[in-house]
Structures are given as C-alpha cells and as structure tokens.
Amino acid sequence: SAPTLNLFADWINKCVQNHKVCNTVPNARPPSRLLRINLAPAPEYGIPTLQLFHTSPTEQYTYVAVSHCWSYTQPLKTTAANLTAHLASVPSGSLSPVFRDAILLCICLGYDYIWIDSLCILQGDAVDFAAEAPHMGHVYAQAALVIAA
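The sequence shown begins at 1 in the UniProt record's numbering and counts up by one.
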C-alpha cells in the first residue's frame with residue numbers, strides 16, 4: 001500500500017541521514033554486473049524492462065540486492081548462451097513474481113539498479129562463479145537495501 005511504502009521510504013531516508021555507517025560510500029568494488037531498471041514497461045507484460053550491464057570498477061552504484069530461495073521452479077537465469085541477449089534486455093515476462101515485486105519496490109523507492117544472483121552471475125559457468133562467489137558478502141553489504149524473499 002502507498003502508506004506502507006511511504007513509511008518504508010521515510011525509514012530509509014532517516015537511516016541514511018542520521019546513521020554515519022548508512023551514509024558511507026563503500027570502497028570495495030561493485031558487483032561485476034547489475035540490472036538497470038528501465039521505467040518503460042515491456043508492452044506485452046506492462047512491467048518495467050531490465051538490462052544487464054557490466055559495471056565499472058571505478059564507479060559507485062546505489063543498488064538493491066535480492067536474497068531469494070531457489071525453489072523447485074528455477075528462476076530466470078543468465079547463462080553464457082543468453083548473456084548477449086540479457087545485455088540487450090532481460091525478458092520481463094519470464095521473471096518470477098518475487099523478482100517482479102522486488103523491481104516494483106525498487107521503482108517505488110527510487111532505485112535504478114538491482115542485483116539478483118541468478119541474473120547477475122553466469123549460471124553454469126564455473127569460471128564466472130569462482131570469480132564472483134568470493135565477493136557475494138560485499139555485494140550484500142554494499143547494497144543500499146537487501147530484500148529477503
């Protein structure tokens with residue numbers, strides 16, 4: 001509901017304004033990949049579109065991270081086979097309800113970037129996983145907000 005979202009946004013703003021730790025720019029490298037939330041909705045699904053992109057190690061990004069349980073139904077994934085396609089656009093209609101809700105929450109709270117492991121780490125790629133897994137603690141620690149779903 002709108003009142004709940006407003007309250008949540010107020011809590012975040014107060015936290016950033018009043019807590020030194022919450023207003024600190026992290027000095028660790030950003031995640032290797034993030035998802036950019038494009039406000040133009042996918043016409044066939046009516047939800048915003050996502051675009052995977054490679055971050056710059058010298059840039060700072062304010063992003064939301066999603067911690068989710070991989071259920072019996074596998075979430076949409078980025079693989080070596082679909083990486084090029086996801087760099088152009090992630091298919092919105094294939095997103096799970098959890099991912100869609102997380103994206104809508106990001107929009108309501110004014111965040112442009114989101115990190116979801118199954119989409120930002122190449123699945124089934126041992127080399128990419130070996131490079132990314134050691135940094136996952138930093139990914140969550142540096143996030144402006146972590147959604148546990």
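Note that beta-carbon positions come from the ideal geometry of N, C-alpha and C, so glycine has one too. Everything numeric in this text was worked out from a predicted model, so none of it was measured.
CB contact below 7 Å: residue i versus chain C
i	result
Cys-120	Among the chains of the structure shown, chain C does not appear; only one protein chain is present.
Residue i versus residue j - alpha carbon distance
i	j	result
His-135	Thr-62	17 Å
Arg-104	Val-127	Correcting the residue identity first, residue 104 is Leu in this sequence and not Arg. Going by the C-alpha atoms only, they are around 32 Å apart.
Cys-106	Ala-65	10 Å
Ala-85	Ile-37	16 Å
Trp-11	Ala-88	35 Å
Gly-137	Arg-29	12 Å
Glu-59	Val-139	14 Å
Arg-100	Pro-75	12 Å
Ala-2	Ala-130	41 Å
residue 151	Val-21	There is simply no residue 151 to check, as the chain begins at 1 and stops at 149 in what is shown.
Pro-57	Pro-31	8 Å
Same chain, Cβ closer than 6 Å to residue i, five either side skipped, listed in chain order
i	result
Ala-102	Val-66, Ile-147
Leu-109	Ala-9
His-68	Val-98, Ala-149
Leu-145	Val-64
First through last residue of the beta strand (DSSP E) which encompasses residue i
i	result
His-54	48-54
Ala-80	Counting along the chain, Ala-80 falls outside any beta strand (DSSP E), and DSSP gives it neither H nor E.
Ser-118	No beta strand (DSSP E) holds Ser-118; the alpha helix (DSSP H) holding it covers 117-120.
Tyr-63	63-67
Ala-148	145-148
Residues near residue i in its chain [Cβ-Cβ closer than 8 Å; skip 5 each side]
i	result
Leu-34	Leu-52, Phe-53, Thr-55, Tyr-61, Tyr-63, Tyr-113, Ile-114, Trp-115, Cys-120
Ala-143	Tyr-63, Val-64, Ala-65, Trp-115
Trp-70	Ser-118
Thr-4	none
N- and C-terminal bounds of the alpha helix (DSSP H) containing residue i
i	result
Ala-131	126-132
Tyr-140	136-142
Trp-11	2-18
Val-98	97-109
Other residues of its chain near residue i: CB distance less than 7 Å, five sequence neighbours each side excluded
i	result
Asn-13	none
Ala-141	none
- Decide if the stretch 88-101 is in contact with the stretch 46-54; the criterion is three or more beta carbon pairs, one per stretch, under 8 Å apart. yes
- Item | Cβ contact (3+ pairs, closer than 8 Å) linking the stretch 76-91 and the stretch 107-122 | yes
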